[in-house]
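Okay, structure first, notes after.
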Amino acid sequence: MHTRETFEEAGERLPAGISVVVPVYNSEPTLELLLGRLAGVLETAAGAGAFEVIFVNDASRDRSWEVVTRLSANHPWVMGIDLMRNYGQHNALLCGIRAARFDTIVTLDDDLQNPPEEVPKLIAKMGDGFDVVYGKPRQMRHGLWRNLASRVTKLMLRPAMGGEVAGNVSAFRAFRTHLRRAFANYQGSYVSIDVLLTWGTTRFAVTPVDHQSREVGVSNYTFRKLLTHALNMMTGFSTVPLQLTSLLGFACTLLGVLLLIYVLVRYLVAGTSVPGFPFLASVIAIFSGAQLFALGIMGEYLARIHLRTMDRPTFAVRDRTGGR
Numbered sequence: 078m079h080t081r082e083t084f085e086e087a088g089e090r091l092p093a094g095i096s097v098v099v100p101v102y103n104s105e106p107t108l109e110l111l112l113g114r115l116a117g118v119l120e121t122a123a124g125a126g127a128f129e130v131i132f133v134n135d136a137s138r139d140r141s142w143e144v145v146t147r148l149s150a151n152h153p154w155v156m157g158i159d160l161m162r163n164y165g166q167h168n169a170l171l172c173g174i175r176a177a178r179f180d181t182i183v184t185l186d187d188d189l190q191n192p193p194e195e196v197p198k199l200i201a202k203m204g205d206g207f208d209v210v211y212g213k214p215r216q217m218r219h220g221l222w223r224n225l226a227s228r229v230t231k232l233m234l235r236p237a238m239g240g241e242v243a244g245n246v247s248a249f250r251a252f253r254t255h256l257r258r259a260f261a262n263y264q265g266s267y268v269s270i271d272v273l274l275t276w277g278t279t280r281f282a283v284t285p286v287d288h289q290s291r292e293v294g295v296s297n298y299t300f301r302k303l304l305t306h307a308l309n310m311m312t313g314f315s316t317v318p319l320q321l322t323s324l325l326g327f328a329c330t331l332l333g334v335l336l337l338i339y340v341l342v343r344y345l346v347a348g349t350s351v352p353g354f355p356f357l358a359s360v361i362a363i364f365s366g367a368q369l370f371a372l373g374i375m376g377e378y379l380a381r382i383h384l385r386t387m388d389r390p391t392f393a394v395r396d397r398t399g400g401r
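Quick note: the sequence shown uses our numbering, first residue 78, plus one each step.
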């Protein structure tokens, strides 16, 4: 019997079915309800294939892991993975993606804002020849700051995914499992599932789905966390900041040359230099700021290189439960 590893190594076809990956963090009140709604949907959506639900507990502070353990004991198609510490949503997703057994993966949040009943729409859209399908909310139910931070994150994805697709990226996605071969050896600390998927395909699509208000608890994705995630994507998966720094350096150099020409022309025509300390201080501030900005960008890249050389794991598993 083939294991998951031999399927991937030999490039063989995975069994037909759907693997749903759910990152779990402080979601004790919603897990049982989420699974109940998923069960009915997956029985229909999987068709003749099988299905499984993989809960990846990202070091929740409540009793989420106890709920996952109980659910996996009651349902043989439920697998639970408990991470050793909090690694972040995308790291938890990567863990679940690597554990998936079937040829289609669906990811969704644990807060029920992504209705499980919309999963068939994503699967159906993949039937048109796409490798990745995102569920685009008809109306976002997040707060102002969360929406703003999400837009910043999507802006950072544009160089890798293209503007049309990046603008519709969401945590509610379906994709073909064989895409994970493209990032099978990725071990970086900073993970963006959306960027990793671009390493394996350019066949992206978007389909409109419902997005419900959060009924239990509050979002764990704050404005600060989303901006940090956007910065990690910029410096971890793109050279755009370095290119912007080069352009900034060129612009400051050009400004300095123009100022020098102005000073020389004024001296030759009027016989006097440019008077005043404010003018000189402004020029110094421009160049100093540009240099510090460039050093900061290069420092971010050096920090990423340093972390890569430490061989820090993307995630570490404490325990597993359930699964066939």
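Cβ atoms here follow ideal geometry from the backbone N, Cα and C, with glycine treated the same way.
Compute the beta-carbon to beta-carbon distance between residue i and residue j, rounded to the nearest angstrom, for a pair I have assumed lies under 8 Å.
{"i": "Thr181", "j": "Arg253", "result": "6 Å"}
{"i": "Leu119", "j": "Phe128", "result": "4 Å"}
{"i": "Gly399", "j": "Met156", "result": "5 Å"}
From this set, the options, which residue's C-alpha is nearest residue i's C-alpha?
{"i": "Asn163", "options": "Tyr267, Val340, Val360 and Asp271", "result": "Tyr267"}
{"i": "Leu321", "options": "Ser269, Val144 and Met375", "result": "Met375"}
{"i": "Gly173", "options": "Gly124, Ile270, Leu335 and Phe281", "result": "Ile270"}
{"i": "Val97", "options": "Pro106, Arg90, Gly204 and Arg114", "result": "Arg114"}
{"i": "Ala123", "options": "Trp154, Val145, Leu110 and Glu109", "result": "Trp154"}
{"i": "Ser137", "options": "Ile158, Gln289, Leu345 and Gly126", "result": "Ile158"}
{"i": "Asn103", "options": "Gln166, Ala150, Gly94 and Leu91", "result": "Gln166"}
{"i": "Ala93", "options": "Met203, Phe179, Gly333 and Glu377", "result": "Phe179"}
{"i": "Thr330", "options": "Ile363, Leu273 and Gly204", "result": "Ile363"}
{"i": "Trp276", "options": "Tyr263, His288 and Thr284", "result": "Tyr263"}
Keeping to the same chain, check which residues put their C-beta closer than 8 Å to that of residue i; ignore five residues upstream and five downstream.
{"i": "Val286", "result": "Asn191, Pro192, Glu195, Lys198, Leu199, Gly212, Lys213, Pro214, Arg215 and Phe249"}
{"i": "Val144", "result": "Glu105, Leu108 and Glu109"}
{"i": "Leu170", "result": "Val98, Pro100, Val133, Thr184, Val268 and Ile270"}
{"i": "Leu336", "result": "Val360"}
Who are the near neighbours of residue i in its chain, counting only those whose CB is closer than 7 Å to its CB and skipping five residues on each side?
{"i": "Glu85", "result": "Legend: pLDDT at Glu85 = 48, less than 50; position of this residue unreliable, no value from coordinates given."}
{"i": "Asp459", "result": "Past the edges of the chain, shown from 78 to 401, lies residue 459, and the structure says nothing about it."}
{"i": "Ile338", "result": "none"}
When DSSP labels each residue in this structure, what does residue i get in the three-state scheme?
{"i": "Asn134", "result": "strand"}
{"i": "Val97", "result": "strand"}
{"i": "Phe364", "result": "helix"}
{"i": "Tyr211", "result": "strand"}
{"i": "Val272", "result": "helix"}
{"i": "Gln197", "result": "Before going further, note that residue 197 is Pro rather than Gln in the sequence given. Pro197 falls in the helix class under three-state DSSP."}
{"i": "Pro285", "result": "strand"}
{"i": "Val246", "result": "coil"}
Give me the Cα-Cα distance between residue i and residue j, rounded to the nearest whole angstrom.
{"i": "Leu379", "j": "Thr121", "result": "49 Å"}
{"i": "Val130", "j": "Pro318", "result": "38 Å"}
{"i": "Arg140", "j": "Leu112", "result": "16 Å"}
{"i": "Pro390", "j": "Gly265", "result": "7 Å"}
{"i": "Ala177", "j": "Ser365", "result": "51 Å"}
{"i": "Asn151", "j": "Gly373", "result": "52 Å"}
{"i": "Gly326", "j": "Leu369", "result": "11 Å"}
{"i": "Phe392", "j": "Glu377", "result": "22 Å"}
{"i": "Val210", "j": "Ser323", "result": "36 Å"}
{"i": "Ile382", "j": "Val342", "result": "47 Å"}
Under 6 Å Cβ to Cβ from residue i, same chain only, skipping five residues before and after it: list those, please.
{"i": "Tyr126", "result": "Looking at the sequence provided, one finds Gly at residue 126 rather than Tyr. Contacts found: Ala93 and Gly94."}
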